[in-house]
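Protein chains in written order, with the working numbering: chain A, 3 to 118; chain B, 49 to 159.
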């Protein structure tokens, strides 16, 4: 089954303790992206990657890091989490990075992160 | 700045009734517009993708319309079911591999 898999689904951590949220897709998609979703704000892009070793900042990159060493994996790293990073996080991928065509955008099931 | 605005923010309808959600966008250049359905705590799932030349597109009981001149789209839900309770998000790709997301409309269908 074609899918984007995120882990973990739920995570509670303490301020300052480094964490990684994993994201893996099995569709051989070139483009992957991370979003955070907060009530009333919609989805906001954190980082995206157009291909292996090619990443760039989205709209809210502060406090986050990413890497793209393999095509299928795109982990999100919080080096020193803070309470304002408490949010619902989604990873997504698509083949058509230009979004100009009919390519769908597949989202993972989400990771609910709480930083106390 | 590319923006996508949705209305209403939320609505409640009785099972079996119809409803229409609105999306206004200022994204440029425009190539397509997408509607997603997001169940609580889950990832968004694509309902429709409409390109510049399409005015109407249906997916079962969901019908999307697009007016590229006025930069407006609507999503019409016919004969609503309890399973339609979700957030509906309008998404418009912008330049530089970016997507502009609306804040979503939360639909609650009551029996």
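Where is the CB? At the ideal position from N, CA and C, for every residue including glycine.
Inset, instruction - Please report how far the alpha carbon of residue 12 (chain A) lies from the alpha carbon of residue 4 (chain A), in whole angstroms. - result: 22 Å
Legend entry - Coarse secondary structure for residue 115 (chain A), derived from DSSP in three states: strand
Inset, instruction - Would you identify the three-state DSSP class for residue 87 (chain A), choosing helix, strand or coil? - result: helix
Legend entry - Minimum C-alpha distance to residue 116 (chain B) - residue among B:130, B:87, B:129 and B:140: Closest by alpha carbon: B:140.
Inset, instruction - Report all residues from its chain with a CB closer than 6 Å to the CB of residue 103 (chain A); omit the five preceding and five following residues, and keep chain order. - result: Here the model assigns residue 103 (chain A) a pLDDT of 49, short of 50, so the residue's position is not dependable and the matter cannot be decided.
Inset, instruction - Under 6 Å Cβ to Cβ from residue 29 (chain A), same chain only, skipping five residues before and after it: list those, please. - result: 4
Legend entry - Cutoff 8 Å: residue 161 (chain B) Cβ touching any chain A Cβ: Look at the range of chain B in this structure, 49 to 159, and you will see that residue 161 (chain B) is not part of it.
Inset, instruction - Could you tell me whether the Cβ of residue 166 (chain B) comes closer than 8 Å to any Cβ of chain A? - result: Outside the displayed range of chain B (49 to 159) lies residue 166 (chain B), so it cannot be described from this structure.
Legend entry - Stretch-stretch touch, CB-based, cutoff 8 Å, three pairs: the region 18–28 of chain A with the region 112–132 of chain B: Between the region 18–28 of chain A and the region 112–132 of chain B there are fewer than three C-beta pairs closer than 8 Å, too few to call the two in contact.
Legend entry - Length of the line joining the Cα atoms of residue 35 (chain A) and residue 15 (chain A): 23 Å
Inset, instruction - Could you spell out where the beta strand (DSSP E) holding residue 141 (chain B) opens and where it closes? - result: 134–141
Legend entry - Candidates A:95, A:117, A:42 and A:70, of which the one nearest residue 85 (chain A) by Cα: That would be A:117, whose Cα lies nearest to the Cα of residue 85 (chain A).
Legend entry - N-terminal and C-terminal residue of the beta strand (DSSP E) that residue 35 (chain A) is part of: 33–40
Inset, instruction - For residue 103 (chain B), collect the residues of the same chain with a Cβ closer than 8 Å to its Cβ; drop the 5 residues on either side in sequence, then sort them by chain order. - result: 113, 114 and 115
Inset, instruction - Can you give me, in chain order, the residues of the region 59–72 of chain B that have a beta carbon less than 8 Å from any beta carbon in chain A? - result: none
Inset, instruction - Mind reading off the beta-carbon distance from residue 91 (chain A) to residue 38 (chain A)? Whole number of angstroms is fine, and I expect it under 8 Å. - result: With 8 Å as the limit, residue 91 (chain A) and residue 38 (chain A) qualify as a contact, their Cβ atoms being about 5 Å apart.
Legend entry - Closest residue to residue 87 (chain A) among A:95, A:20, A:50 and A:69 (Cα-Cα distance): A:20
Inset, instruction - Excluding the 5 residues preceding and the 5 following residue 156 (chain B) in the sequence, name in chain order all residues of the same chain whose CB lies nearer than 6 Å to its CB. - result: 60 and 133
Legend entry - residue 81 (chain B), enclosing beta strand (DSSP E) - first and last residue: Unbroken beta strand (DSSP E) run through residue 81 (chain B): 80–86.
Inset, instruction - Could you tell me whether the Cβ atoms of residue 152 (chain B) and residue 52 (chain B) are closer together than 8 Å? - result: No, the Cβ-Cβ distance between residue 152 (chain B) and residue 52 (chain B) is not below 8 Å.
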